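A short write-up of the structure that comes next.
In mature numbering (1 follows the signal peptide of the UniProt record, and there is no 0), the protein residues as written are -27 to -1, 1 to 681.
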């Protein structure tokens, strides 16, 4: 750079020196004729710098020496500097500068030729200098030096095309790749006017400048910035001499680059629906790093980006198959810089099935005897290799005798009835798994039928009203009822029948034995007449049968539980009772009872006292007792009762535990009985046997009456 600076300034200095010499160097001087005067020398100095004015004081002979050296300026008759060696040698000469040169000038005699060194040079120092050398023997010698002072230019100022001053050595921008760059360099002052040039590193870019009103200007224009210009230093130099270094100002260019490439890592491959997939996209060439986005079918997706890499994790769905997945890279500072890479997604997924009724059946009511057609629409990738049908979760196969025809994606049910009511689905399998369709519930409208789990036997005493419930199931549910007694005698009196929806209650008051027997109920809806009527048995009410198969379990030190199978309820609502007495002292501890009009078939170990059982098929009664004495033997009696009386008790013997450990055990509790207990048990068993014989005889008589 210094070489470039000196080369740029050498031409100006030489030219200025020639002009200066011809202007001042030819001036005659009025010196004495006997003095030896040398030709005038032109010297240029830079303001503020050091300058040496030469003067040869070396004597011509060895036996001679200098006695006095005097320096004059212009037409002043008084020396501006003197070195007096008349009474001593030159080394010990007395140096005397003028006041305005004090501390700025010194005659250096140890160099050859000797020089009057002036520093720092001032603008007023310019002029014609004469050096007079007096020797002790030889003639006086005179030298003339024309000193010219060069005024250096001020520091260059760099501005952009908008006139904004750019600080020197600052990083400007960032500009965008391809932008046009305009930099203006202005330099004020300088004599002679400086040359203003633009350099990129050490290469000259532009030396065209102009001077106007004392300001030298050079405008640098770069049509298009390239990547090579990143962090390049552009320097403006101004110089008007080859003595001092040029003044300069520089800026560093910062650039934004558009992305050059973007790509999705790895090979394109099919994706599996429901399984998370991670894809990586990279971009290169952008500065700053490109903004990377993932798009799927025109929808932007969330991703994680770091520098020039973006990671996408998503769970593909069947709907994604065929969509375009792309990775886009863009420098947001540069318009139209977006580039992308992508491919068409192929998603493997479990078959997606849609089940519907045949088009002709979708808006019709289906009733018994109609033919039904199902259509299964399948969408799958890869293709399915197996198709199936299910009814209520069970596989359906072709059964022509039952009117079931399976044909790939269709199912035909011929002459449907109640057995065909329910949920239908179709299934299909491929390499990804098995898919199942939505469930289509086939509703078949049908004539009324008797409700399931209905009570069929009612007991009533003479002149006692009994209310018989007939509940029907049908579709539609709007039913008209008809009642008949013993299949011959119609019962259509509105005063005895109450009907709400699909339920009808018949109130009967039997007065004679002929009023007991079969009560028949049937109904009719818009589909048709009920085929099989509902039959109820009206029998004389009787006390309930005793409970049986009783056992004790879940004994603790304070509680125990008894389970029994209930007996016949006598045709009316029955309740259950349990009594506990200490075997040794005959003290009654508990007397528990509860009703069980509705019974449950399942054993409920947490059954609460006085709570009705649930479920019309109940056969098990569970009774729990608490607050008992530990390690105690109890006599337990369990019996049933209704409005007509009570059953004989069923007797058990049970122990409470002696430790807090619970014993959960089903089955009878076996204990060692004392003789007294054996006698009591024998008496109780005898009573039970007699009661059983009486009940057995009464049942035989009742059946004969009903049969008659």
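Cβ atoms here follow ideal geometry from the backbone N, Cα and C, with glycine treated the same way.
Keep in mind it's a predicted model, so treat the numbers as computed, not measured.
query	result
Judging by CA-CA distance, which residue of 229, 19 and 170 is the nearest neighbour of residue 163?	19
Does residue 379 come out as helix, strand or coil in the three-state DSSP assignment?	strand
Can you confirm whether the stretch 204 to 222 touches the stretch 262 to 273 when touching is taken to mean that 3 or more C-beta pairs between the two stretches lie within less than 8 angstroms?	no
Could you check if residue 404 is buried or exposed, using at least 16 other CB atoms within 10 Å of its CB as the buried criterion?	exposed
Determine the burial state of residue 574: buried for a count of at least 16 other Cβ atoms within 10 Å of its Cβ, exposed for fewer.	Because the pLDDT of residue 574 is 32, which lies under 50, any placement of that residue in the model is unreliable, and the number read from its coordinates should be weighed accordingly. It is exposed - the Cβ of residue 574 has fewer than 16 other Cβ atoms within 10 Å.
If you pair each beta-carbon of the stretch 328 to 348 with each one of the stretch 410 to 419, do three or more pairs fall below 8 angstroms?	yes
Let me check understanding here. Comparing Cα to Cα, which of 432, 158 and 102 lies closest to residue 12?	102
Straight-line CA distance for residue 488 to residue 425?	26 angstroms
Tell me which residues share the same chain as residue 352 and place their Cβ nearer than 6 angstroms to its Cβ, disregarding the 5 neighbours each side in the sequence.	325
Can you tell me which of the three DSSP states residue 658 falls into?	helix
Entirely within the stretch 449 to 513 and at least 3 residues each: give me those beta strand (DSSP E) ranges in chain order.	453 to 458, 462 to 464, 470 to 473, 476 to 481, 490 to 497 and 507 to 513
Buried or exposed for residue 590, going by 16 or more other Cβ atoms inside 10 Å?	Note that residue 590 has pLDDT 45, beneath the 50 cutoff, so the model's placement of it is unreliable and the number below is only indicative. Residue 590 comes out exposed.
At which residues does the beta strand (DSSP E) containing residue 266 begin and terminate?	264 to 269
Just to confirm, are residue 359 and residue 402 a CB contact at a threshold of 8 angstroms?	yes
Should residue 627 and residue 528 be called a contact, given that it needs their Cβ atoms to be closer than 8 angstroms?	yes
Please report the straight-line C-alpha distance between residue -1 and residue 67, rounded to a whole angstrom.	Any reading at residue -1 is ruled out, since the residue's pLDDT is 36, under 50, leaving its predicted position unreliable.
Spatial neighbours of residue 99 within its chain, please: C-beta separation below 8 angstroms, excluding the five flanking residues on both sides.	120, 121 and 122
Could you check how far apart the C-beta atoms of residue 494 and residue 456 are, in whole angstroms? I think they sit under 8 angstroms.	5 angstroms
Which residue comes first and which comes last in the beta strand (DSSP E) that contains residue 430?	430 to 433
Could you tell me if residue 444 is buried or exposed, where buried requires 16 or more neighbouring beta carbons within 10 angstroms of its beta carbon?	buried
CA-CA distance, residue 481 and residue 605?	51 angstroms
Can you look up residue 63 in the DSSP assignment and give me helix, strand or coil?	helix
Are there 16 or more other CB atoms within 10 angstroms of the CB of residue 305, so buried, or fewer, so exposed?	exposed
For residue 27, report the span of its beta strand (DSSP E) as first-last.	24 to 28
Is DSSP giving residue 667 helix, strand or coil here?	helix
Per DSSP, which one or two residues make a beta bridge with residue 683?	Given a span of -27 to 681 for the chain in the structure shown, any question on residue 683 remains unanswerable.
Apart from the five residues on each side of it in sequence, which residues of its chain come closer than 6 angstroms, Cβ to Cβ, to residue 289?	244, 246 and 320
Output the distance between the C-alpha atoms of residue 474 and residue 450, rounded to the nearest integer angstrom.	7 angstroms
Return the first residue and the last residue of the beta strand (DSSP E) that residue 329 is part of.	320 to 330
Keeping to the same chain, check which residues put their C-beta closer than 7 angstroms to that of residue 270; ignore five residues upstream and five downstream.	296 and 297
By how many angstroms is the C-alpha of residue 522 removed from the C-alpha of residue 548?	17 angstroms
Three-state secondary structure (DSSP) at residue 396?	strand
Are there 16 or more other CB atoms within 10 angstroms of the CB of residue 408, so buried, or fewer, so exposed?	buried
Helix or strand or just coil, what does DSSP make of residue 604?	coil
Can you tell me which residues form a DSSP beta bridge with residue 555?	607
Where does residue 586 fall in DSSP's three states?	With a pLDDT of only 34 at residue 586, under the threshold of 50, the placement of this residue in the model should not be trusted; the figure read from the coordinates follows. In the structure shown, residue 586 sits in coil (DSSP, three-state: anything other than H, G, I, E or B).
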